[in-house]
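Novice: I'd like to ask you about the structure that follows.
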Amino acid sequence: MQCITSLYRCLENNITITFITTKKFLFSMALAVTHVILTIVILDIFRHYVWGRHKFPRYLLVIGGVAGLFPDIDIPLTWIYKFLTGTGISLHGTFTHSLFFPLLFLIIGAVLHYNKNIKWAGICYIIAFGWFSHLTLDCLYGGYKDFLWPLFVVNFCPQWGIGQHATSIDAIILVAWLVHEEIHNKIKDYM
């Protein structure tokens, strides 16, 4: 009734509520760029100090970074589902945020490795790592409850509240990676 008498006030309140809800949602989980950058940084450090550059091609860093976003495929799936059904059910944080998929890619990688298909086995291992790093980061940010889907729902993630510092964490990770790249790859040569 209040919306009918004062359309402007109703729209204003709705926009405010939407903004507050969106802001709360955005900062209760890691940002997409964090999932990509952190996965690339970890893989790049292992590439430099553990495996060696020649055994770990750069394209695997890109695959790992993209794989760090794979669990969030449930976001566009939710949009499509809502569009087709008209319901408000959200799939985010459900089946794609379980340990099922990293384990699946590990198993596929092991089978490929056993069959001497080392290149594709490595790609599957990197996808499993990227997927798992996404789940780990989400857990550190307050997490989801479906890590053991389809078996049962258990929340064992700490509630540290670091999500409110999401942009600062991104900046720290990015600066650390740039320092690492400057030391090892002389990125100033590209500027």
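Residue numbers (my numbering): 27 to 217.
We put the beta carbon where it would ideally sit given N, CA and C, even for glycine.
Given the structure is predicted, the values throughout are model-derived calculations rather than measurements.
How long is the line joining the alpha carbons of Phe51 and Arg84, rounded to whole angstroms?
Specialist: Confidence in Phe51 is poor, its pLDDT being 43 and thus under 50, which makes the residue's placement unreliable; the coordinate value appears in the next sentence. Whole-angstrom Cα-Cα distance: 34 Å.
Novice: Let me know the secondary structure DSSP gives Leu95 once reduced to three states.
Specialist: Here Leu95 sits in coil by DSSP.
Novice: Cutting at 6 Å between CB atoms, please list the residues of its own chain near Phe173, excluding the five before and the five after it.
Specialist: Excluding residues within five positions, the ones whose Cβ falls inside 6 Å are Ser124, Leu125.
Novice: Three-state secondary structure (DSSP) at Tyr107?
Specialist: If DSSP states are grouped into helix, strand and coil, Tyr107 belongs with the helices.
Novice: Excluding sequence positions up to five away, which residues of its chain have a Cβ less than 7 Å from the Cβ of Ala154?
Specialist: Answer for Ala154: Pro128, Phe131, Leu132, Gly135, listed in chain order.
Novice: With C-beta atoms as the reference, is Ile89 less than 8 Å away from Ile144?
Specialist: Contact flag unset, no.
Novice: Output the distance between the C-alpha atoms of Thr47 and Met55, rounded to the nearest integer angstrom.
Specialist: The pLDDT assigned to Thr47 is 38, lower than 50, so where the model puts this residue is not dependable; a value taken from the coordinates is nonetheless given after this. Roughly 13 Å separates the two Cα atoms.
Novice: What first and last residue would you give for the alpha helix (DSSP H) that runs through Pro128?
Specialist: Its alpha helix (DSSP H) spans residues 126 to 140.
Novice: Using the beta-carbon count (16 or more within 10 Å), is Leu204 buried or exposed?
Specialist: Exposed, since its Cβ has fewer than 16 Cβ neighbours within 10 Å.
Novice: Can you round the beta-carbon distance between Leu117 and Leu103 to whole angstroms, since I take them to be within the 8 Å contact cut?
Specialist: About 5 Å separates the two Cβ atoms, so the contact holds.
Novice: Let me know the secondary structure DSSP gives Ser159 once reduced to three states.
Specialist: Three-state result, Ser159: helix.
Novice: Do you know offhand how far Asn196's Cα is from Thr60's?
Specialist: This sequence places Asp at residue 196; Asn is not what is there. Cα to Cα, the separation comes out at about 6 Å.
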